[in-house]
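Sequential numbering of the sequence shown, starting at 345, is according to the numbering used here.
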Amino acid sequence: MGKKKKIILSLVVLAVVAAALAGVYFLTRPQTHQGAKHITVDLVGKESSRTVQIDTDEEMLGAALVNEQLVEGDQGEFGLFITTVDGYTADADAQEWWCLTKGGEYVNTSADSTPIADGDQFELTLKTGW
345 MGKKKKIILS
355 LVVLAVVAAA
365 LAGVYFLTRP
375 QTHQGAKHIT
385 VDLVGKESSR
395 TVQIDTDEEM
405 LGAALVNEQL
415 VEGDQGEFGL
425 FITTVDGYTA
435 DADAQEWWCL
445 TKGGEYVNTS
455 ADSTPIADGD
465 QFELTLKTGW
């Protein structure tokens, strides 16, 4: 087989693999919900906690939290890294960080990648220790 044919075959195989991976992503990505939603967010800090009710048309949690001015953070390669919740900034030197859960279960996505649906309940809890 000639060198040109090997290169063309390699490119075809690469295109097929890329298409398959894209298909898997689109089939398994978190589903978003359009329209008005009412969600609840429990903010559990070091010395205080409160529950916030949010009415939003946003599809992702991060945007809803930022719009309500409940969180601040840094944009990274995986989305919003929450550093401040309800005015309290986690102290990295003390190994503090904000943990995002949904109905008490850990969320494995950033707030920017976490879809919301009407009636969802989330928690942002200050944790200590890596």
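The C-beta atom is built at its ideal place from N, Cα and C for all residues, glycine as well.
Practice prompt. For residue 474, count neighbouring C-beta atoms within 10 Å of its own C-beta (all shown protein chains included) and say buried if the count is 16 or more, exposed if not.
Written response: By 1-based counting over the sequence shown, the position of residue 474 is 130. By the neighbour-count rule (16 or more Cβ atoms within 10 Å), residue 474 is not buried but exposed.
| From 438, 391, 461, pick the residue whose C-alpha is nearest to that of residue 447; which is it? | On the sequence shown, residue 447 is found 103 positions in, with the first residue counted as 1. Out of 438, 391, 461, 461 has the C-alpha closest to the C-alpha of residue 447.
Own chain residues within Cβ distance below 6 Å of residue 415, not counting five before or after | Along the sequence shown, read from residue 1 onward, the residue named residue 415 stands at position 71. Shown here for residue 415: same chain residues with a beta carbon closer than 6 Å to its own, the five before and five after excluded, namely 409, 426, 429 in chain order.
Q: Confirm, please, whether the CB-CB distance from residue 381 to residue 395 is below 8 Å.
A: As a working note, residue 395 is residue 51 in the sequence shown. As a working note, residue 381 is residue 37 in the sequence shown. No Cβ-Cβ contact shorter than 8 Å links residue 395 with residue 381.
Start and end of the beta strand (DSSP E) containing residue 415? Mapped onto the sequence shown, residue 415 falls at position 71. Element bounds for residue 415: 415 to 420.
Task: Cβ neighbour criterion (16 or more within 10 Å) applied to residue 360 - done: As a first step, residue 360 is located in the sequence shown; it is residue number 16 there, counting from the start. Burial state of residue 360 is exposed, judged by a 10 Å Cβ sphere holding fewer than 16 other Cβ atoms.
| request: Provide the residue(s) that pair with residue 400 in DSSP beta bridges, ordered along the chain. | output: One-based indexing of the sequence shown puts residue 400 at position 56. 381, per the DSSP bridge assignment.
task = For residue 471, write down the residues that DSSP places opposite it in a beta bridge.
result = For the purposes of this step, residue 471 is identified with residue 127 of the sequence shown, where counting begins at 1. Answer by DSSP bridge pairing, in chain order: 441.
Please classify residue 360: does DSSP put it in a helix, a strand, or coil? As a working mapping, residue 360 is identified with position 16 in the sequence shown. Three-state result, residue 360: helix.
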